[in-house]
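Below you'll find the structure, written out as structure tokens, and then a few comments.
Numbering (the working numbering), first residue to last: 65 to 470.
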């Protein structure tokens, strides 16, 4: 099935866990009688931390795990509810440990070091699904026995994603921009780096600065200090930053009023660090405003691109979380994939970028829940066997559309 959802995201959910049932109503592969693989018949309980439970991207990843992976491997996925901060992540980890999870795959990044240490102390495997640690964090944790590693866009890739998106519209001749910072105030690293990349692209023009700075590192430092974007920090003789919006407080009247104000400022483009169409799609319909987004390949985003509301998408493909699942399950089964010096994985993936509806449809058709590019046949050779780090790293590095589906 294709992934669908309402364009209106839920507000940040109440914190907690759904540990009583699996995240997939169809049950595990062992229960349903399908041909499961990899554990000798024993179902492995994998628990998943999420800071986003409602976006296209998040739902796509969840569908892949619960509707494809769980049906083809002897695993049971148990999901946390949406976790807004480090305290919520800690409570979720405590619940996972108490409920005998054998591994944790994390999509939540408020305090990854604390998550890693809790998993190590409890003797359960831990991996980062769609990002990477900082260099300093990796050096601190790389030798821990139960830290499997991270596969996903590095912070440099996130920077480049925001930069390339803004540069695309600059090259198109647009000059009036608004920004949706998504989880910037929650200090979600990927959203901060994407947003800083957007501003760094604008600051390449001679007169343009943010916080008095032109270089990415200085712009990033300003955002990290403020925990938001301030319009009065942006100066340019060429570009206008007409508005800024963030987070997902749909039920808050002030949040709704600011959304309306951003649209009323009539930017040429809304540059979104994530979930841009989900937040602004209805508001910009029948206007000349277009959205550039870093999100996911879904039917709804395809419709948005077809209508012209969305004209640029840098997206993780739905099954991109397959390799980290394979590495995590292999570790649980006693065959961890380790680097030189018995160190954890630190492997990079990037995005598929579509700037036309034809490209978008090609990408969407190539990676579905029923037939993902990281399917059983692709993952199985790396699970429960003594695979070398180099072979696995080569496998992960071939993530482009041409590599996997072209």
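Beta carbons are placed, not taken as given, at the ideal position from N, Cα and C, and that holds for glycine.
Everything numeric in this text was worked out from a predicted model, so none of it was measured.
Inter-segment contact for the segment 244–255 and the segment 330–340 is present: three or more beta-carbon pairs are separated by less than 8 Å. In the DSSP assignment, residue 378 is bridged to 358 and 417. Our two residues, residue 203 and residue 451, have alpha carbons roughly 23 Å apart in a direct line.
Within the segment 199–287, the runs of beta strand (DSSP E) at least 3 residues long that lie entirely inside it are, in chain order, 211–216 and 240–244. Here the alpha carbons of residue 209 and residue 186 stand approximately 11 Å from one another. In the three-state DSSP reduction, residue 153 falls in the helix class (H, G or I). By the Cβ criterion, the segment 424–442 is in contact with the segment 354–364, since at least three pairs of Cβ atoms, one from each stretch, lie closer than 8 Å. In the DSSP assignment, the residues bridged to residue 110 are 141 and 167.
Here residue 250 really is in contact with residue 174; their C-beta atoms are around 7 Å apart, less than 8 Å. With a cutoff of 8 Å on beta-carbon distance, residue 372 and residue 354 are scored as near each other. Ranking 390, 453, 366 and 413 by CA distance to the CA of residue 422 puts 366 first.
In this structure residue 288 is exposed. Its beta-carbon is surrounded by fewer than 16 other beta-carbon atoms within 10 angstroms. The residue from 222, 112, 351 and 344 with its alpha-carbon nearest to that of residue 192 is 112. The distance from the Cβ of residue 195 to that of residue 254 is about 6 Å, consistent with a contact at the 8 Å cut-off. Assigned with DSSP and collapsed to three states, residue 292 falls in coil, not helix or strand. A straight line joining the alpha-carbon of residue 454 with that of residue 436 spans about 24 Å. Within the same chain, Cβ atoms closer than 7 Å to the Cβ of residue 322 are found at 309, the five residues on either side in sequence being excluded. Residue 189: member of the beta strand (DSSP E) spanning 189–192, first to last residue. Within 10 angstroms of the beta-carbon of residue 226 lie 16 or more other beta-carbons, which makes it buried.
Note that the C-beta distance between residue 169 and residue 459 is not below 8 Å. Leaving aside the five residues that flank residue 462 on each side, the residues in its chain whose CB is nearer than 8 Å to its CB run, in chain order, 468. Here residue 406 has 207 as same chain residues with Cβ atoms under 8 Å from its own Cβ, once five neighbours each way along the sequence are excluded. Collapsing the DSSP output to three states places residue 121 in a helix. Beta-bridge analysis with DSSP links residue 309 to 244. When DSSP states are grouped into helix, strand and coil, residue 325 belongs to the helix group. Put simply, the segment 228–243 does not touch the segment 136–150. Fewer than three CB pairs are less than 8 Å apart.
Residue state for residue 147 is assigned as coil, using DSSP reduced to three classes. A Cβ-Cβ separation of about 24 Å leaves residue 375 out of contact with residue 413 under the 8 Å criterion. Residue environment analysis places residue 445 among the exposed positions, since fewer than 16 neighbouring C-beta atoms fall within 10 angstroms of its C-beta.
Three or more beta-carbon pairs separated by less than 8 Å are not found between the segment 258–276 and the segment 317–332, which leaves the two stretches without contact. The Cβ neighbour count for residue 146, taken over all protein chains shown within 10 Å, is at least 16; the residue is labelled buried. When 162, 108 and 119 are compared, the shortest CA-CA separation from residue 139 is found for 108. Our two residues, residue 296 and residue 307, have alpha carbons roughly 10 Å apart in a direct line. Runs of the beta strand (DSSP E) lying entirely within the segment 391–457, each at least 3 residues long, are 409–412 and 416–418 in chain order. The DSSP-derived three-state label of residue 334 is strand.
Between the alpha carbons of residue 441 and residue 387 lies a distance of about 12 Å.
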